[in-house]
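Asks: Respectively, the protein sequence lines represent chains R and U. In this text, residue positions in the first sequence follow UniProt numbering: the first is 1, and each later residue adds one. In this text, residue positions in the second sequence follow UniProt numbering: the first is 1, and each later residue adds one.
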Amino acid sequence: MTTATATAPLGRAGFGNVLSSEWMKLRTVRSTFWTLITLFAGSAAVSFLICLAAADQYAKDKAAGNPDAAGDIVMLGLAFVGQIAAYVLGVMAISAEYTTGGIRTTLTAMPRRVEILVAKAILLAVIVFVVGLATAFACFYLGNIPLEAKHVGVKLSDPGVTRAIFGSALYLAGLSVFGLALGFLLRHTAGAITIGLALIFIIGGLVQLIPGSIGRWLFKVMPGNAGSVITQFGESTRNADKSFAPWTGFAVFLLEVLVLLVIGAIMFERRDA
Amino acid sequence: MIRAVGLTKRYGDRVAVDHAEFTVEAGTVTGFLGPNGAGKSTTMRMILGLDHPTEGAVTVDGKPYRQLPVPLREVGALLDAKAVHGGRSAYNHLACLAKSNGIPLKRVDEVIALVGLEQVAKKRSKNFSLGMGQRLGIAAALLGDPGTLLFDEPVNGLDPEGILWVRNLMKSLAAQGRTVFVSSHLMSEMALTADRVIVIGRGQIKADTTMREFIAQNATTHVRVRSPHIGKLQELMVGGGWRVEALPDDDGALRVFDATSDAIGDLAGRNGLWLHELAVVQPSLEEAFMSMTADSVEYHAGLDGLTDPTGGPGWNRGTGTAGTTGPSSPTGASSPSGSSGASSQTGPTDPSAGEARR
Numbered sequence: 001m002t003t004a005t006a007t008a009p010l011g012r013a014g015f016g017n018v019l020s021s022e023w024m025k026l027r028t029v030r031s032t033f034w035t036l037i038t039l040f041a042g043s044a045a046v047s048f049l050i051c052l053a054a055a056d057q058y059a060k061d062k063a064a065g066n067p068d069a070a071g072d073i074v075m076l077g078l079a080f081v082g083q084i085a086a087y088v089l090g091v092m093a094i095s096a097e098y099t100t101g102g103i104r105t106t107l108t109a110m111p112r113r114v115e116i117l118v119a120k121a122i123l124l125a126v127i128v129f130v131v132g133l134a135t136a137f138a139c140f141y142l143g144n145i146p147l148e149a150k151h152v153g154v155k156l157s158d159p160g161v162t163r164a165i166f167g168s169a170l171y172l173a174g175l176s177v178f179g180l181a182l183g184f185l186l187r188h189t190a191g192a193i194t195i196g197l198a199l200i201f202i203i204g205g206l207v208q209l210i211p212g213s214i215g216r217w218l219f220k221v222m223p224g225n226a227g228s229v230i231t232q233f234g235e236s237t238r239n240a241d242k243s244f245a246p247w248t249g250f251a252v253f254l255l256e257v258l259v260l261l262v263i264g265a266i267m268f269e270r271r272d273a
Numbered sequence: 001m002i003r004a005v006g007l008t009k010r011y012g013d014r015v016a017v018d019h020a021e022f023t024v025e026a027g028t029v030t031g032f033l034g035p036n037g038a039g040k041s042t043t044m045r046m047i048l049g050l051d052h053p054t055e056g057a058v059t060v061d062g063k064p065y066r067q068l069p070v071p072l073r074e075v076g077a078l079l080d081a082k083a084v085h086g087g088r089s090a091y092n093h094l095a096c097l098a099k100s101n102g103i104p105l106k107r108v109d110e111v112i113a114l115v116g117l118e119q120v121a122k123k124r125s126k127n128f129s130l131g132m133g134q135r136l137g138i139a140a141a142l143l144g145d146p147g148t149l150l151f152d153e154p155v156n157g158l159d160p161e162g163i164l165w166v167r168n169l170m171k172s173l174a175a176q177g178r179t180v181f182v183s184s185h186l187m188s189e190m191a192l193t194a195d196r197v198i199v200i201g202r203g204q205i206k207a208d209t210t211m212r213e214f215i216a217q218n219a220t221t222h223v224r225v226r227s228p229h230i231g232k233l234q235e236l237m238v239g240g241g242w243r244v245e246a247l248p249d250d251d252g253a254l255r256v257f258d259a260t261s262d263a264i265g266d267l268a269g270r271n272g273l274w275l276h277e278l279a280v281v282q283p284s285l286e287e288a289f290m291s292m293t294a295d296s297v298e299y300h301a302g303l304d305g306l307t308d309p310t311g312g313p314g315w316n317r318g319t320g321t322a323g324t325t326g327p328s329s330p331t332g333a334s335s336p337s338g339s340s341g342a343s344s345q346t347g348p349t350d351p352s353a354g355e356a357r358r
């Protein structure tokens, strides 16, 4: 057996090594590509279709001075497809390793577990931010086509629009890390996806049925609600005083993600693989 | 060198590993033997820092696994060949591992060639056969050219050629001065490869010795005697200072230790006693191993009331990897007294030697 190339420099396998390994792991499975393609194309297509369907009614309502929707319907594709895809990508980044048993190989090669978790979180956040930003712009331009045909298009210079576009990318990045944290906690693809999506899409809406200030507060702080304010703009009256201000909401969401990630890291460190 | 001190793992009430103490020395192949569920894999996972010991500790070259600066350079492990993401190609799987330890990618090609996977290196591993998966796992273990190697049941699923290859690989790795720790539930397989043997049963270390000593201690030759005058013969033999044991489940046959078949035959002849059977029996290592761990097998096959014509309960059979099936129970000729009798002797590694029933 040749030992020539393997016994060269020693030292310590550092965080840079972990990062490059995790980066290679992400880009050598097809699911990453399919999820990101779905995120981009699916969101843009849905935004376009929603605007196409709603343009007429939106124009009438706006002319009557009582719009039920807002200009940010151009971003609705992200709210449906984008959120799901970003979240699923985050879950899969770790749950696939548990499902296949590959986690044991990973941890034998690199037993410093927190470094693995941090590397995955950084990579996901960066990748999803970049793809999310491209997607947000695509949604904006594609959604605007049917709106402009009815002379109700939105412009980049309109108040809150650029914040909402960059905010969408940030929110999706945060959501993928949220998925990663839940994936680390639950170690099960279907379980983590079900719980996370229920939390964002169902429970997030249901809590407002709880009467009184508790219900109102819960509605505000649910991760999907707090985090997505930053993706909204325009004359929306949908959530008016029910929601945080955009950046406050995002800060709350980020805090929630970080708390979950820290719990995930502690459990990852403590549990048997 | 691997060193376990008071190593214990409990899952609720169940003790998977119970205060295990052992040392795996460099330059040897050390077999880690135990029936399924005895705690082999749990022990290996604790060595690799995957599972946390409830009590005690285990170190590799003096350090807990998690503190190894470049783990793959020091320890290579094959735990479960299927523990890879099937969507990744063999090359990419190994490259991801190499990168995490800063191992040059050139080494990936080397280990792929070493295990003979060049043809399928770019293919997704989900379509690999068990044998190919096993080779991929071995390639991963060799990636960092480590001084310590752990193999958990490495020959599972391999064809005879693959088994021979793994056997020789383990021997050559140990000959290079590396520590090789290999688990198996097949004594016969270990007898061919291991220099040392650690036997585990129900989480407890039952033996930690050289294979040579293990064979000497546990595969004690005895003579099986059957005679119509067995009572009288027994008196004479005991009187002659030999150790005699009755076989409770047999047709009055005796096991005689410390005596040759010649001596027994002569004794019977001198006293005018007839012999119906006189046979030298060398119990197999498989039997020694089974009796050592008999109380620790988690799931017994329900064969207690049956007489297996090939000897022994069936659970250790059917995986005849070593291909050493020989004649079964000693079928010594019924001979009149005076003759020294026929003796059937079987080799120490024969898994199916020994009495028809235990």
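All residues carry an ideal CB built from backbone N, CA and C; glycine is no exception. These figures come from a predicted structure and were not determined experimentally.
Under the DSSP definition of a beta bridge, which residues are partnered with Phe-184 (chain R)?
Replies: Reading the first sequence from its first residue, position 184 is the one you call residue 184 (chain R). Phe-184 (chain R) pairs with nothing; no bridge assigned.
Asks: Who does Asp-51 (chain U) pair with in a DSSP beta bridge?
Replies: Locating residue 51 (chain U) in the second sequence gives position 51, counting from the first residue. DSSP output for Asp-51 (chain U) lists no bridge partner at all.
Asks: Buried or exposed for Thr-28 (chain U), going by 16 or more other Cβ atoms inside 10 Å?
Replies: Taking the second sequence and counting its residues from 1, the one referred to as residue 28 (chain U) is at position 28. Result: buried.
Asks: From Thr-35 (chain R) to Ser-213 (chain R), what distance separates their C-alpha atoms?
Replies: Residue 35 (chain R) sits at position 35 when you count from the first residue of the first sequence. Residue 213 (chain R) sits at position 213 when you count from the first residue of the first sequence. One C-alpha to the other measures close to 38 Å.
Asks: With burial defined as no fewer than 16 other Cβ atoms inside 10 Å of the residue's Cβ, what is the status of Ile-138 (chain U): buried or exposed?
Replies: What you label residue 138 (chain U) is simply residue 138 of the second sequence in a count that begins at 1. That one is buried.
Asks: Which term fits Arg-107 (chain U), buried or exposed, when burial requires 16 or more other beta carbons within 10 angstroms of its beta carbon?
Replies: Along the second sequence, one-based indexing puts residue 107 (chain U) at 107. Buried is the call here.
Asks: Could you please tell me which residues of the segment 113 to 135 of chain R, in chain order, have their CB closer than 9 Å to any CB of chain U?
Replies: Arg-113, Ile-116
Asks: Can you give me the Cβ contacts of Tyr-65 (chain U) inside the same chain, cut-off strictly under 6 Å, excluding the 5 residues immediately before and after it?
Replies: The residue given as residue 65 (chain U) occupies position 65 in the second sequence. Once the five neighbours on either side are set aside, the close Cβ partners of Tyr-65 (chain U) are Leu-48, Gly-49.
Asks: Please classify Asp-272 (chain R): is it buried, with 16 or more other beta-carbons within 10 angstroms of its beta-carbon, or exposed?
Replies: To locate residue 272 (chain R), count along the first sequence from 1; it is residue 272. Exposed, since its Cβ has fewer than 16 Cβ neighbours within 10 Å.
Asks: Strictly under 8 Å for the Cβ-Cβ distance: is Asn-92 (chain U) near chain R by that measure?
Replies: Here residue 92 (chain U) refers to the residue found at position 92 when the second sequence is read from its first residue. For Asn-92 (chain U), the answer is yes, since a Cβ of chain R falls inside 8 Å of its Cβ.
Asks: Using the rule of at least 16 other Cβ atoms within 10 Å of the residue's Cβ for burial, across every protein chain shown, is Gly-177 (chain U) buried or exposed?
Replies: What you label residue 177 (chain U) is simply residue 177 of the second sequence in a count that begins at 1. So Gly-177 (chain U) counts as exposed.
Asks: For Trp-23 (chain R) and Val-262 (chain R), I'd like the C-alpha separation in whole angstroms.
Replies: What you label residue 23 (chain R) is simply residue 23 of the first sequence in a count that begins at 1. What you label residue 262 (chain R) is simply residue 262 of the first sequence in a count that begins at 1. Whole-angstrom Cα-Cα distance: 21 Å.
Asks: Select from R:Ala-44, R:Gly-234, R:Leu-254 the residue whose C-alpha is nearest the C-alpha of Ala-69 (chain R).
Replies: Here the question's residue 69 (chain R) lines up with position 69 in the first sequence. Closest option to Ala-69 (chain R), Cα to Cα, is R:Gly-234.
Asks: DSSP puts Arg-255 (chain U) in a beta bridge; with which residues?
Replies: As a working mapping, residue 255 (chain U) is identified with position 255 in the second sequence. The partner list for Arg-255 (chain U) (beta bridge, DSSP) reads U:Arg-224, U:Glu-245.
Asks: Do Val-207 (chain R) and Ser-176 (chain R) count as a contact pair if the criterion is CB distance below 8 Å?
Replies: Sequence index remark: in the first sequence, residue 176 (chain R) carries index 176 (1-based). Sequence index remark: in the first sequence, residue 207 (chain R) carries index 207 (1-based). Cβ atoms of Ser-176 (chain R) and Val-207 (chain R): not closer than 8 Å.
Asks: Check Ile-103 (chain U) in the structure and name its three-state DSSP category.
Replies: For this step, residue 103 (chain U) is matched to residue 103 along the second sequence. The answer is coil: DSSP assigns Ile-103 (chain U) none of H, G, I, E or B.
Asks: Look up Phe-22 (chain U) in the DSSP assignment and give the residues it is bridged to.
Replies: Walking along the second sequence from the start, residue 22 (chain U) turns up at place 22. According to DSSP, Phe-22 (chain U) bridges with U:Ala-4.
Asks: According to DSSP, is Gly-133 (chain U) helix, strand or coil?
Replies: By one-based count along the second sequence, residue 133 (chain U) stands at place 133. The answer is helix: DSSP assigns Gly-133 (chain U) an H, G or I state.
Asks: Going by alpha carbons, who is nearest to Glu-153 (chain U) out of U:Lys-122, U:Ala-77, U:Val-24?
Replies: By one-based count along the second sequence, residue 153 (chain U) stands at place 153. Glu-153 (chain U) has its Cα closest to that of U:Ala-77, out of U:Lys-122, U:Ala-77, U:Val-24.
Asks: Based on the DSSP output, what are the partners of Val-17 (chain U) in its beta bridges?
Replies: Within the second sequence, numbered from 1, the residue matching residue 17 (chain U) stands at position 17. For Val-17 (chain U), the beta-bridge partners assigned by DSSP are U:Lys-9.
Asks: In its own chain, which residues sit with a C-beta less than 7 Å from the C-beta of Met-190 (chain U), not counting the 5 before and 5 after it?
Replies: Indexing the second sequence from 1 puts residue 190 (chain U) at position 190. Once the five neighbours on either side are set aside, the close Cβ partners of Met-190 (chain U) are Gly-31, Leu-33, Ser-184, Val-197.
Asks: With DSSP as the reference, label Phe-289 (chain U) as helix, strand or coil.
Replies: Taking the second sequence and counting its residues from 1, one reaches residue 289 (chain U) at position 289. Three-state result, Phe-289 (chain U): helix.
Asks: So Ser-31 (chain R) contacts chain U; which residues on that side make the cut at Cβ distance below 8 Å?
Replies: For this step, residue 31 (chain R) is matched to residue 31 along the first sequence. Gly-87, listed in chain order.
Asks: State the beta-bridge partners of Phe-253 (chain R) as determined by DSSP.
Replies: On the first sequence, residue 253 (chain R) is found 253 positions in, with the first residue counted as 1. In the DSSP output, where bridge partners are listed per residue, Phe-253 (chain R) has none listed.
Asks: Please state whether DSSP places Asp-241 (chain R) in a helix, a strand or coil.
Replies: Looking up residue 241 (chain R) in the first sequence gives position 241. Three-state DSSP puts Asp-241 (chain R) in a helix.
Asks: Whose CA, out of U:Lys-99, U:Leu-173, U:Ala-16, U:Gly-62, lies closest to the CA of Thr-42 (chain U)?
Replies: Within the second sequence, residue 42 (chain U) is the residue found at index 42, counting from 1. Nearest of U:Lys-99, U:Leu-173, U:Ala-16, U:Gly-62 to Thr-42 (chain U), Cα basis: U:Ala-16.
Asks: Hey, Ala-93 (chain R) and Gly-132 (chain R): beta-carbon distance below 8 Å or not?
Replies: Taking the first sequence and counting its residues from 1, the one referred to as residue 93 (chain R) is at position 93. Taking the first sequence and counting its residues from 1, the one referred to as residue 132 (chain R) is at position 132. Against a cut-off of 8 Å, the Cβ pair of Gly-132 (chain R) and Ala-93 (chain R) comes out as no contact.
Asks: Does His-151 (chain R) pass the burial test, meaning 16 or more other C-beta atoms within 10 Å, or should it be called exposed?
Replies: Along the first sequence, one-based indexing puts residue 151 (chain R) at 151. Classification for His-151 (chain R): exposed.
Asks: With distance defined between alpha-carbon atoms, name the residue in U:Ile-264, U:Gly-239, U:Asp-266, U:Arg-226 nearest to Leu-247 (chain U).
Replies: Residue numbering aside, residue 247 (chain U) sits at position 247 when the second sequence is read from its first letter. When only C-alpha atoms are compared, the closest one is U:Arg-226.
Asks: Sorted by chain position, which residues of the same chain lie with C-beta nearer than 7 Å to Gly-116 (chain U)'s C-beta, five sequence neighbours on each side aside?
Replies: For the purposes of this step, residue 116 (chain U) is taken as residue 116 along the second sequence, with counting starting at 1. So the list reads Arg-135, once near-sequence residues are dropped.
Asks: Mind reading off the beta-carbon distance from Val-88 (chain R) to Gly-179 (chain R)? Whole number of angstroms is fine, and I expect it under 8 Å.
Replies: Here residue 88 (chain R) corresponds to residue number 88 of the first sequence, with the count starting at 1. Here residue 179 (chain R) corresponds to residue number 179 of the first sequence, with the count starting at 1. About 7 Å separates the two Cβ atoms, so the contact holds.
Asks: Using the rule of at least 16 other Cβ atoms within 10 Å of the residue's Cβ for burial, across every protein chain shown, is Lys-120 (chain R) buried or exposed?
Replies: Counting from one through the first sequence, the residue named residue 120 (chain R) turns up at place 120. It is buried - the Cβ of Lys-120 (chain R) has at least 16 other Cβ atoms within 10 Å.
Asks: Can you tell which of U:His-93, U:Val-155, U:Gly-147 has its C-alpha closest to the C-alpha of Ser-126 (chain U)?
Replies: Position 126 of the second sequence, counted from the start, is the residue given in the question as residue 126 (chain U). According to the sequence provided, residue 126 (chain U) is Lys. The question's Ser does not apply to it. Shortest Cα-Cα distance from Lys-126 (chain U) to any of U:His-93, U:Val-155, U:Gly-147 involves U:His-93.
Asks: Closest Cβ-Cβ distance between Leu-156 (chain R) and chain U: below 8 Å?
Replies: As a first step, residue 156 (chain R) must be located in the first sequence, where it is residue number 156. No, Leu-156 (chain R) lies away from the interface with chain U (no Cβ there is under 8 Å from its Cβ).
Asks: Alpha carbon to alpha carbon, how far is Arg-124 (chain U) from Ile-2 (chain U)? Give it in angstroms, no decimals.
Replies: Your numbering for residue 2 (chain U) matches position 2 in the second sequence. Your numbering for residue 124 (chain U) matches position 124 in the second sequence. Ile-2 (chain U) and Arg-124 (chain U): Cα-Cα distance of roughly 34 Å.
Asks: Suppose the cutoff is 6 Å on Cβ atoms and the five residues either side in sequence are ignored; what does the same chain contact list for Trp-242 (chain U) look like?
Replies: Here residue 242 (chain U) refers to the residue found at position 242 when the second sequence is read from its first residue. The answer, listed in chain order, is Val-256, Asp-258, Ala-259.
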